[in-house]
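*Asks:* Numbering-wise, the sequence shown is residues 0 to 1037 according to numbering that gives the first Met the number 0. One structure, as structure tokens, below. Some questions next.
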Amino acid sequence: MELQKGKGAAAAAASGAAGGGGGAGAGAPGGGRLLLSTSLDAKDELEEGSAYRSYQNLPLMDWSLFVLVWYFPSQVYLLPRNTERLERCMSIVTSMTTGVSEREANDALNAHVCKGPPQHEEICLGLFTLVLTEPAQAQKCYRDLALVSRDGMNIVLNKINQILMEKYLKLQDTCRTQLVWLVRELVKSGVLGADGVCMTFMKQIAGGDVTAKNIWLAESVLDILTEQREWVLKSSILIAMAVYTYLRLIVDHHGTAQLQALRQKEVDFCMSLLRERFMDCLMIGRDLVRLLQNVARIPEFELLWKDIIHNPQALSPQFTGILQLLQSRTSRKFLACRLTPDMETKLLFMTSRVRFGQQKRYQDWFQRQYLSTPDSQSLRCDLIRYICGVVHPSNEVLSSDILPRWAIIGWLLTTCTSNVAASNAKLALFYDWLFFSPDKDSIMNIEPAILVMHHSMKPHPAITATLLDFMCRIIPNFYPPLEGHVRQGVFSSLNHIVEKRVLAHLAPLFDNPKLDKELRAMLREKFPEFCSSPSPPVEVKLEEPVSVEMDNHMSDKDEGCYDNAEAAFSDDEEDLSSRGKKREFRFHPIKETVVEEPVDITPYLDQLDESLRDKVLQLQKGSDTEAQCEVMQEIVDQVLEEDFDSEQLSVLASCLQELFKAHFRGEVLPEEITEESLEESVGKPLYLIFRNLCQMQEDNSSFSLLLDLLSELYQKQPKIGYHLLYYLRASKAAAGKMNLYESFAQATQLGDLHTCLMMDMKACQEDDVRLLCHLTPSIYTEFPDETLRSGELLNMIVAVIDSAQLQELVCHVMMGNLVMFRKDSVLNILKHPEALSCLLLQLRREKPSEEMVKMVLSRPCHPDDQFTTSILRHWCMKHDELLAEHIKSLLIKNNSLPRKRQSLRSSSSKLAQLTLEQILEHLDSLRLNLTNTKQNFFSQTPILQALQHVQASCDEAHKMKFSDLFSLAEEYEDSSTKPPKSRRKAALSSPRSRKNATQPPNAEEESGSSSASEEEDTKPKPTKRKRKGSSAVGSDSD
């Protein structure tokens, strides 16, 4: 459902007594439904788990609550994942207030609250849930909530913050609107801590996003802040946060009349706060200048700029000038507020969990999700500022093979598609350089820029050149009156970089032969101190410390550092080719050094309990698959024991992914797909975890423990995701258990089914296209909400499949086994179908003639070729009576004609050599396809008569082979009365049938039916329907 747009939605959200919300998504289901739920959303409760309980002790104004969520993502996923408790609390409140007077209801609620803190929390959360899900009762419930709350609404405020940080994207539209209404009421009531909720709400407004829902949220929050201006002025941090947020959003809001109107409201709001409370805004620091530069041409801000530069005292007596702002570092809480919680989670995951060289699928997902529209160009600055100023990895991460910050920033720079966006992104990267002071600023803020230039020199010298050129030209051009300060800031940055040995020497960078002469001359002129090196360039890598950005052990991968990012803009074939080369480079050494694997797991073994260590060693020494499976089952059993230390899951996962590297190399799908080969392929030791998972109930603690183990494995080996999908698709033990993948996805660090599914299918696409095609039908069938809401997966598939695989998928679509797109958009999506696919799409538009049906049936019947079945099924749906008459005619002709005559077919095409067995095979395939549908094609009289005719004359082998098909005709014969049949046989008997048909023994009835068919071919009859068994058909082609 779509949110209401603009002022109307905000006004609807602000409506009070009439229903406390309405507006957006008013048609969404109420009655306790908060989220767009998944199967896992019905298991845990929101308040369980140590992570949440630790948050409850934090003051709402304390930003450390958010820091916990942002910087400890592993804790985030310990939080329960649904609203079951909220709904239970709501039912408690409902049971106490239904059917009684208002006074009695208030007495009952107060009495329950007085029993103790748990009961107080139940009533508060129950009333809160009713506010969100029942707009008509919202005003009354809020009044009751204000009366019974004993903690100043602290429980409700904590809950709102938690939902905003974790569940906002899954909220029903009605609940979103009600949440805005509730926050408005809290602000009106002056509830202490409501300012923290407003700041969390502003964080959900995405930059570079002008979709209706995002615009509605931006305007709704702005209306609250504008209406309650006096309340806003009481909080300095809220003033600064609101100014920073809406100054940034102004840039995105242009074009339509609605956006222009919102933009003007934002301009007026920011200007009033900047004019009246400039010193509160001063706490933003130097990034306030950067944002004001972006809006400098708006008339109101032009006047403000004149005062900032020429008359700073007019803004505040304590404001001495723009240099005061520029020398003040921006706090990380401002840089972080312009990324939504989901963006932050994904970025932090990449910078803390993803290995360098394996980042492509994560970057691809992030780009599709947030950076794929023209409006999203402005978001890149927010991301770069966040990475430089907020993401400061520990020494342990810096010295590991985790994806470094400079690689992500280099990728972001390559995704800029406009000059303005590229310039702003470069300014965001160098912004802390311009007025850098070692005493106030951090080396981590300036380190990414120098490392992007250093690592890009070999594979992408153009990136290094443009950044060096920008660094030189920004000095005189940023603000000419302060050129000396900017020069000193850049010089201090470079000097600090060398002192801290981020790079041992800058000469190899500044005086590199790959740079053009003019740029090198400019660098020598600007920075002569750094253009002479006492050591050759090759020694730089040897002298660098391990603690700084992996420079010494990542240098061999520099050449491919941005290939992953540029794949989105390169030709598909080139992308596949380069990917293939990289994959060969990465895995070839592993194949050669398999014997050294025991050495690799030694550090992990020391961290395991003795009994578990022994089993892992047995697993390592196992000589065959069966023995390894037995040991693996013992390991799983030990993990599921009550006294197992869950902290060992991560170490165990590291051991398993090292031991089973061979599982993730080569093709997963058997060459010949049969039930036996599929079952054999899922007999690997690692798949025992999947099998045990399938045998458990989802509410079992052991189930959660195995999910945690898989989550740890997924972090270390992302391919485990599509291996799980394959197991659920191929194994008999997993029949009907595909929903387990959703539980797995929710348990991973990604925490989202759509994200996890798309990434796993992308990994499968890169590794095994056959497996991708094999999984596609079940993926679309089991997860329609995730696969059909965008063309992401479809584009992924059609980019790599060959013509045979394309034809197979199209046949599945035509047969109704597979729905890959909405509104019959086959022709718009399948860009390059081969001949059969084109023919199939053409035939579906045509009304079938007997000749067309004959040609289609002439195609050999094969289990993997669904061409004939798919088009027959389509004709069954559209032209069932006509198709039945044609098939009857073809059956009787091919059964009645002697073998000699069957060989004398039209010589125009060999495809026309149709045999009786072919027709029966195709009909049996069609019957199986229609088994679970409401289509009654095989109950039509012409088909049943023809089957009776054939059954009586065919041999025992065919009767046995097509027994299920012929049983349909026997049922028809049993349900028919004898006299009408006798009359019809007598009426339709003719000499022609005896002359042209070979009479089988004891087949008098079938002879009559055959005669009838021949007679109908020669005599024109009026069209008759409703089970008359005849129709005008084309003449015999013979």
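Here a beta-carbon is modelled for each residue, glycine too, at the ideal position from N, C-alpha and C.
For H722, count neighbouring Cβ atoms within 10 angstroms of its own Cβ and tell me buried if that reaches 16, exposed if not.
*Replies:* Buried, by the Cβ-count rule.
*Asks:* For S952, count neighbouring C-beta atoms within 10 Å of its own C-beta (all shown protein chains included) and say buried if the count is 16 or more, exposed if not.
*Replies:* So S952 ends up on the buried side.
*Asks:* Go ahead and label L541 buried or exposed: buried means 16 or more other beta carbons lie within 10 angstroms of its beta carbon, across all protein chains shown.
*Replies:* Low confidence applies to L541: its pLDDT is 28, below 50, so where it sits in the model is not reliable, and the reading given next is rough at best. So L541 counts as exposed.
*Asks:* Using 8 angstroms as the Cβ pair cut-off and three pairs as the minimum, do the segment 214 to 221 and the segment 346 to 362 touch?
*Replies:* Segments in contact, no.
*Asks:* In whole angstroms, what is the alpha-carbon distance linking E229 and A744?
*Replies:* The alpha-carbon atoms of E229 and A744 are separated by roughly 45 angstroms.
*Asks:* Which residue's Cα is closest to the Cα of S422: L163, H459, C380?
*Replies:* The residue with the shortest Cα to Cα distance from S422 is C380.
*Asks:* Compare the C-alpha of G682 against each of A733, E103, R858, L163 and name the closest.
*Replies:* Considering only alpha carbons, the answer is A733.
*Asks:* From N699 to E446, what does the alpha carbon distance come to, in whole angstroms?
*Replies:* The alpha-carbon atoms of N699 and E446 are separated by roughly 48 angstroms.
*Asks:* If distances are taken between C-alpha atoms only, which option among D605, E641, E670, R183 comes closest to C654?
*Replies:* Of the listed residues, the one whose Cα sits closest to C654 is D605.
*Asks:* Pop quiz: G192 and L156 are said to be a contact at Cβ under 8 angstroms. What is the actual Cβ separation, rounded to whole angstroms?
*Replies:* 5 angstroms between Cβ atoms; contact.
*Asks:* Check whether the segment 752 to 771 and the segment 359 to 372 are in contact - that is, three or more C-beta pairs closer than 8 angstroms.
*Replies:* Short answer: they touch.
*Asks:* Assign E265 to one of two classes, buried (16 or more other C-beta atoms within 10 Å of its C-beta) or exposed (fewer than that).
*Replies:* So E265 ends up on the buried side.
*Asks:* Looking at L919: is its Cβ nearer than 8 angstroms to the Cβ of F961?
*Replies:* Cβ atoms of L919 and F961: closer than 8 angstroms.
*Asks:* Kindly indicate the opening and closing residues of the alpha helix (DSSP H) around Y721.
*Replies:* Taken as a continuous stretch (DSSP letters only), the alpha helix (DSSP H) holding Y721 covers 719 to 729.
*Asks:* Among residues of its own chain, excluding the 5 on either side of K499, which ones have a beta-carbon nearer than 6 angstroms to its beta-carbon?
*Replies:* Answer for K499: I442, listed in chain order.
*Asks:* Under the three-state reduction of DSSP, which class applies to H773: helix, strand or coil?
*Replies:* Here H773 sits in helix by DSSP.
*Asks:* Please return the same chain residues whose Cβ sits closer than 8 angstroms to the Cβ of L929, not counting the five positions on each side in sequence.
*Replies:* Excluding residues within five positions, the ones whose Cβ falls inside 8 angstroms are R872, C875, F936, F937.
*Asks:* Please return the same chain residues whose Cβ sits closer than 6 angstroms to the Cβ of H773, not counting the five positions on each side in sequence.
*Replies:* Counting only Cβ-Cβ distances below 6 angstroms, and skipping sequence neighbours, we find L668.
*Asks:* Which term fits G254, buried or exposed, when burial requires 16 or more other beta carbons within 10 angstroms of its beta carbon?
*Replies:* Answer is exposed; the Cβ neighbour count stays below 16.
*Asks:* Could you give the residue range of the alpha helix (DSSP H) that holds C174?
*Replies:* Here the alpha helix (DSSP H) through C174 covers 172 to 187.
*Asks:* Under three-state DSSP, which class holds R354?
*Replies:* DSSP places R354 in strand when its eight states are reduced to three.
*Asks:* Looking at C-alpha atoms only, which residue of L685, C113, N893, L704 is the closest neighbour of F643?
*Replies:* Of the listed residues, the one whose Cα sits closest to F643 is L704.
*Asks:* With 16 other CB atoms within 10 Å as the buried threshold, where does N213 fall?
*Replies:* Buried: at least 16 other Cβ atoms inside 10 Å.
*Asks:* Give me, in chain order, the residues of the same chain whose beta-carbon lies closer than 6 angstroms to that of Q466; leave out the 5 immediate sequence neighbours on both sides.
*Replies:* Residue identity differs from the one stated: residue 466 is Leu in this sequence, not Gln. M452.
*Asks:* Could you check the C-alpha separation between D143 and V182 for me, to the nearest Å?
*Replies:* In a straight line, the C-alpha of D143 is about 16 angstroms away from that of V182.
*Asks:* Suppose you measure from the CA of K994 to the CA of I942; what does that come to, to the nearest Å?
*Replies:* Confidence in K994 is poor, its pLDDT being 37 and thus under 50, which makes the residue's placement unreliable; the coordinate value appears in the next sentence. One C-alpha to the other measures close to 24 angstroms.
*Asks:* Does DSSP put H861 in a helix, in a strand, or in coil?
*Replies:* Of the three classes helix, strand and coil, the one that applies to H861 here is strand, per DSSP.
*Asks:* Is DSSP giving S577 helix, strand or coil here?
*Replies:* The predicted position of S577 is uncertain, since its pLDDT is 39 and thus under 50; no value can be drawn from it.
*Asks:* If we count Cβ pairs, one from each stretch, closer than 8 angstroms, do we get three or more for the segment 198 to 210 versus the segment 368 to 376?
*Replies:* The segment 198 to 210 vs the segment 368 to 376: in contact.
*Asks:* Taking 8 angstroms as the cut-off, decide whether the C-beta atoms of L382 and A464 are in contact.
*Replies:* Going by C-beta atoms, L382 is not nearer than 8 angstroms to A464.
*Asks:* Where R149 and S188 are concerned, what is the direct C-alpha to C-alpha distance, given to the nearest angstrom?
*Replies:* One C-alpha to the other measures close to 15 angstroms.
*Asks:* Are there three or more Cβ pairs, one per stretch, closer than 8 angstroms when the segment 341 to 348 is compared with the segment 512 to 530?
*Replies:* No, they do not touch.
*Asks:* V650 to F200, Cα distance in whole Å?
*Replies:* One C-alpha to the other measures close to 39 angstroms.
*Asks:* Can you give, in chain order, each stretch of the alpha helix (DSSP H) that sits fully within the segment 349 to 416 and has at least 4 residues?
*Replies:* Runs found: 359 to 369, 378 to 388, 394 to 397, 404 to 413.
*Asks:* Would you say the segment 274 to 293 touches the segment 233 to 249, given that touching needs at least three Cβ pairs under 8 angstroms?
*Replies:* Because the criterion of three Cβ pairs below 8 angstroms is met, the segment 274 to 293 and the segment 233 to 249 touch.
*Asks:* For a quick check, are the C-beta atoms of F702 and L712 less than 8 angstroms apart?
*Replies:* Cβ distance not < 8 angstroms, so F702 and L712 don't count as in contact.
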